[in-house]
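**Q** Heads up: the sequence shown is residues 1 to 109, going by UniProt numbering.
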Amino acid sequence: MPANFPIIFKVSYLLAILPTIFVVITAMLSSKEVGGTLGQGLKKISAGSIIHTILIMTYIVLERGNRGLLEESVIKIFFIIGGGLGSGLFTWGYLQIYKIARKLKLFTI
Numbered sequence: 001m002p003a004n005f006p007i008i009f010k011v012s013y014l015l016a017i018l019p020t021i022f023v024v025i026t027a028m029l030s031s032k033e034v035g036g037t038l039g040q041g042l043k044k045i046s047a048g049s050i051i052h053t054i055l056i057m058t059y060i061v062l063e064r065g066n067r068g069l070l071e072e073s074v075i076k077i078f079f080i081i082g083g084g085l086g087s088g089l090f091t092w093g094y095l096q097i098y099k100i101a102r103k104l105k106l107f108t109i
């Protein structure tokens, strides 16, 4: 991480990256071991987490002034589609896990 980043970007970068790495590693290892519907749900959650991490890293790069060749409208579309896809995968994965937990009666609600 370059030294000329403001402290808020360094903190936000670490707050986004570290939990994501742990979530992805845990979800992937668990999905391989568990398999089935639960494993698919965990894979979807980790994919959503990866997409959101890419969006956060892209945002940090853009805030530094690195625009590249892309126009502003293309960048907006990238964030809208990426955010929607990541959120959709998160939701879909959590719903799969919730359905399994309900079927096994793990919740009292």
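Every residue gets a Cβ at the ideal spot worked out from N, C-alpha and C, and that includes glycine.
Quick check: K44 and L89, are their CB atoms within less than 8 Å of each other?
**A** yes
**Q** Please determine, among Q96, L29 and I60, the residue with the shortest C-alpha to C-alpha distance to K10.
**A** I60
**Q** Taking 7 Å as the limit between beta carbons, can you name the residues of its chain near V24, skipping five residues before and five after?
**A** S46, S49 and I50
**Q** If you drop the 5 nearest sequence neighbours on each side, which residues of the same chain put their C-beta closer than 8 Å to that of Y94?
**A** Hits under 8 Å: G41 and I45.
**Q** Exposed or buried, which one is G86 when buried takes at least 16 other CB atoms within 10 Å?
**A** buried
**Q** Could you check if A101 is buried or exposed, using at least 16 other CB atoms within 10 Å of its CB as the buried criterion?
**A** exposed
**Q** For I53, does the count of other Cβ atoms within 10 angstroms reach 16, so buried, or fall short, so exposed?
**A** A quick correction: the sequence has Thr, not Ile, at residue 53. So T53 counts as buried.
**Q** Given this structure, state the Cα-to-Cα distance separating R64 from M57, to the nearest angstrom.
**A** 11 Å
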